[in-house]
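Student: For the protein sequence lines, the chains are L and R, in the order given.
Numbering (the UniProt record's numbering) for the first sequence: 1 to 252.
Numbering (the UniProt record's numbering) for the second sequence: 1 to 252.
The C-beta atom is built at its ideal place from N, Cα and C for all residues, glycine as well.
Since we're looking at a predicted model, the values are computed, not measured.
2 protein chains.
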Amino acid sequence: MIKELPSLVIPGATIEILKASCASCSMHQLCLPMGLDNNDMERLDQIIGRRRKVARGATLFRIGDAFQNLYAIRLGHFKTYQVNREGAEQITGFQMAGELLGMDAISADQHHCTAVALEDSEVCEIPFATLQQLLAEMPTLLRHFHRMMSQEITREQSVMLLLGNMQATQRFAAFLINLSSRYEARGYSPNTFQLRMSREEIGNYLGLTIESISRLLSKFKKEGLVRVSNREIELLDTRMLKAITAGTETCG
Amino acid sequence: MIKELPSLVIPGATIEILKASCASCSMHQLCLPMGLDNNDMERLDQIIGRRRKVARGATLFRIGDAFQNLYAIRLGHFKTYQVNREGAEQITGFQMAGELLGMDAISADQHHCTAVALEDSEVCEIPFATLQQLLAEMPTLLRHFHRMMSQEITREQSVMLLLGNMQATQRFAAFLINLSSRYEARGYSPNTFQLRMSREEIGNYLGLTIESISRLLSKFKKEGLVRVSNREIELLDTRMLKAITAGTETCG
DNA sequence: CGGTCAATTGACCACAGTCAAGCTTGGTGG
DNA sequence: CCACCAAGCTTGACTGTGGTCAATTGACCG
Chain L
1 MIKELPSLVI
11 PGATIEILKA
21 SCASCSMHQL
31 CLPMGLDNND
41 MERLDQIIGR
51 RRKVARGATL
61 FRIGDAFQNL
71 YAIRLGHFKT
81 YQVNREGAEQ
91 ITGFQMAGEL
101 LGMDAISADQ
111 HHCTAVALED
121 SEVCEIPFAT
131 LQQLLAEMPT
141 LLRHFHRMMS
151 QEITREQSVM
161 LLLGNMQATQ
171 RFAAFLINLS
181 SRYEARGYSP
191 NTFQLRMSRE
201 EIGNYLGLTI
211 ESISRLLSKF
221 KKEGLVRVSN
231 REIELLDTRM
241 LKAITAGTET
251 CG
Chain R
1 MIKELPSLVI
11 PGATIEILKA
21 SCASCSMHQL
31 CLPMGLDNND
41 MERLDQIIGR
51 RRKVARGATL
61 FRIGDAFQNL
71 YAIRLGHFKT
81 YQVNREGAEQ
91 ITGFQMAGEL
101 LGMDAISADQ
111 HHCTAVALED
121 SEVCEIPFAT
131 LQQLLAEMPT
141 LLRHFHRMMS
151 QEITREQSVM
161 LLLGNMQATQ
171 RFAAFLINLS
181 SRYEARGYSP
191 NTFQLRMSRE
201 EIGNYLGLTI
211 ESISRLLSKF
221 KKEGLVRVSN
231 REIELLDTRM
241 LKAITAGTET
251 CG
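1) Whole angstroms are fine: how far does the CA of R52 of chain L sit from the CA of L5 of chain L?
2) Show which residues of chain R have a CB atom less than 7 Å away from the CB atom of H112 of chain L.
3) Taking just the CA atoms, how far does N38 of chain R sit from N84 of chain L?
4) Considering only their Cβ atoms, is the gap separating L141 of chain R from D45 of chain R smaller than 9 Å?
5) In whole angstroms, what is the alpha-carbon distance linking Q68 of chain R and I210 of chain L?
6) Step through the CB atoms of chain R and report whether any lies within less than 9 Å of the CB of Y205 of chain L.
7) Does S218 of chain R pass the burial test, meaning 16 or more other C-beta atoms within 10 Å, or should it be called exposed?
8) Kindly identify the DSSP beta-bridge partner or partners of R52 of chain R.
9) So which residues of chain L does R143 of chain R contact, with C-beta pairs closer than 8 Å?
10) Measure from the C-beta of residue 265 of chain L to each C-beta in chain R and report whether the shortest distance is under 9 Å.
11) Going by DSSP, what residue range makes up the alpha helix (DSSP H) through T209 of chain L?
12) Count the other C-beta atoms from every protein chain shown that fall within 10 angstroms of the C-beta of S121 of chain L, then say buried if there are 16 or more, exposed otherwise.
13) Where does F172 of chain R sit, in a helix, a strand or coil, going by DSSP?
14) Whole angstroms is fine: what's the gap from L235 of chain L's alpha carbon to I73 of chain L's?
15) For the putative contact between L30 of chain R and H77 of chain R, defined by C-beta atoms under 8 Å, what is the C-beta separation to the nearest angstrom?
16) Per DSSP, what kind of secondary structure is N204 of chain R in: helix, strand or coil?
17) For V116 of chain R and V54 of chain R, what's the separation of their Cα atoms in angstroms?
18) Looking at the unbroken beta strand (DSSP E) that takes in G93 of chain L, where does it start and where does it end?
19) On the three-state DSSP scale, how would you describe H77 of chain L?
20) So for I63 of chain L, helix, strand or coil by DSSP?
21) S198 of chain R by DSSP, collapsed to three states: which one?
22) Terminal residues of the continuous beta strand (DSSP E) containing S21 of chain R?
23) Using a Cβ-Cβ distance under 9 Å, would residue 279 of chain L count as near chain R?
24) Could you tell me which chain R residues have their CB closer than 8 Å to the CB of P127 of chain L, listed as they occur along the chain?
25) Express the C-alpha separation of E249 of chain L and A243 of chain L in angstroms, rounding to a whole number.
26) Are L208 of chain L and R182 of chain L close, meaning C-beta to C-beta below 9 Å?
27) How is the alpha helix (DSSP H) around I106 of chain L delimited, first residue to last?
28) Do T154 of chain L and D104 of chain R have their C-beta atoms within less than 9 Å of each other?
29) Kindly indicate the opening and closing residues of the alpha helix (DSSP H) around R155 of chain R.
30) Indicate the three-state DSSP secondary structure (helix, strand or coil) for E99 of chain R in the structure shown.
31) Hey, could you find the ends of the beta strand (DSSP E) R227 of chain R is sitting in?
32) Ordered along the chain, which non-local residues of its own chain (more than five positions away) have a Cβ less than 8 Å from that of I10 of chain L?
33) Output yes if chain L places a C-beta closer than 9 Å to the C-beta of G64 of chain R; else output no.
34) Using the C-alpha atoms, what's the distance from A136 of chain L back to G203 of chain R?
35) Using the beta-carbon count (16 or more within 10 Å), is S21 of chain L buried or exposed?
36) Quickly, what does DSSP pair Y71 of chain L with across the bridge? List them, please.
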């Protein structure tokens, strides 16, 4: 299933067909093909439209775009955001390799958020109409697809808890712990990683200002919880950060 | 498909098998069977475990319960909430007739939130394992089920926008307008309705305190936007409320 | 009736927002 | 190599929105 086609360009994003398959992708135990046998994975591979590159800052889809495809992130990071009528953005999530983009578009056949690459990234385009046919024939795939949608619901509920109930310090600790565990699940260091998003984007996501994020970073640094250098961050006291997240920390 | 069986009781909730079917249910154009032909609707009807009553204040499922069923609300209102490690609740939604409960439980085979009836209510129990078999055979049902899950994702994203970006006044106006439009979609008056939840529950949902909700109600009353008497509310100036929601209102 | 619970209102306060100045960092060009 | 600039980040001083605490009113019910 190796595909070789000339690359093409659309406004703001470079598209290129890559030699790739689910079986050879390091994310296949997290992504849509999770748990499929070789035969089923091959079938899924065949319906994947193309693998394309999305340059840093380029838009994968925007609010109002007609819904055609889901996108599985092969490599890189994205943010998704909503825009209210005033034009204010609210970032609804940061997505990394192995995660699915576009599931909110199924309900009304058009995208309800905009997805932008935070760094040079690669996605697999999954034509939803074709996927749906396949779902009817492959119970394992159907099951896992439902799990992924459900996981998105659960994730958003956690953010609601964060935004509705937590203090600034708690929100930020929760954010760091969340990133940490997701990197760990991908085989990366849970303690040292790059923040792919700006302070402004973090603040927007957490319902805080950029100044608050900056102050919180300084505070955590002073308390010996983290080491920070620009976007490089090291978690020095995960235990404490988790305690802050849970609201059970005792000392100040 | 009329079922007639003796009623039984489980702790906290009365269960009773009712004479009912999707075809005879007033919600079937909003609920899971939307768009199904008579034959398919009949098949869906057959897998529905039972129709049961849930008394006001009774719990339908709680966090950590093993996932067996989805629940379609036939009648009444529910709230769902998450609990953090400190024991603080965050209400993640208010659900009404025609809406589906339990979709967040698919991902990990256990419920991630607790669902409690806000008034005496009735639900249809949908065994998920059986539903999934049916989904593979009925493309229309599959399609609509995905729409409903996607709609839940979209709804939660709107709440994230509300909690992350909006001021107290804006949040509360958005809340009222949201209820209004959902009652309208069900054929009820969009202007006059009962608030099924307490001020405290509204505040919790909107990330505000009960005092703030009370003050906002008084403010809206004074400005002639609403008329309130206990839980009975009448929206007198929907146009203005929508403007406040959108953040585009000009006068104070 | 009094008792209970929910809602309202007022006084005060604190957390995080706003505004503003200053500091890094990285890129460009002389 | 350094000057210059822009963008992003940090820090401080001040402010305001909404939280906290407390007292009062109102609704419902045995």
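Tutor: Reading from the atomic positions:
1) The predicted position of L5 of chain L is uncertain, since its pLDDT is 38 and thus under 50; a value taken from the coordinates is nonetheless stated next. Each residue's alpha carbon lies about 11 Å from the other.
2) T154 and Q157
3) 41 Å
4) no
5) 44 Å
6) yes
7) exposed
8) R:V123
9) Q132
10) Coverage of chain L is limited to positions 1 through 252, which leaves residue 265 of chain L absent and any answer about it impossible.
11) Neither: T209 of chain L is in no alpha helix (DSSP H) and is coded neither H nor E.
12) buried
13) helix
14) 26 Å
15) Not really, about 15 Å apart at Cβ, beyond 8 Å.
16) helix
17) 9 Å
18) E89 to M96
19) strand
20) coil
21) Three-state result, S198 of chain R: coil.
22) Here S21 of chain R belongs to no beta strand (DSSP E), and DSSP marks it neither H nor E.
23) This structure cannot settle anything about residue 279 of chain L, because the visible part of chain L is limited to 1 through 252.
24) The premise fails here: P127 of chain L is roughly 14 Å from chain R at the closest Cβ pair, so nothing lies under 8 Å.
25) A243 of chain L and E249 of chain L: Cα-Cα distance of roughly 5 Å.
26) no
27) Looking at the DSSP string, I106 of chain L is not in any alpha helix (DSSP H), and its letter there is neither H nor E.
28) Against a cut-off of 9 Å, the Cβ pair of D104 of chain R and T154 of chain L comes out as a contact.
29) P139 to N165
30) coil
31) V226 to S229
32) Any reading at I10 of chain L needs caution, since the residue's pLDDT is 44, under 50, leaving its predicted position unreliable; the model's value is listed next. Taking I10 of chain L as the centre and dropping the five residues before and after it, the same chain places no C-beta closer than 8 Å to its C-beta.
33) Not one chain L Cβ lies under 9 Å of G64 of chain R.
34) 43 Å
35) buried
36) L:L101 and L:E125, per the DSSP bridge assignment.
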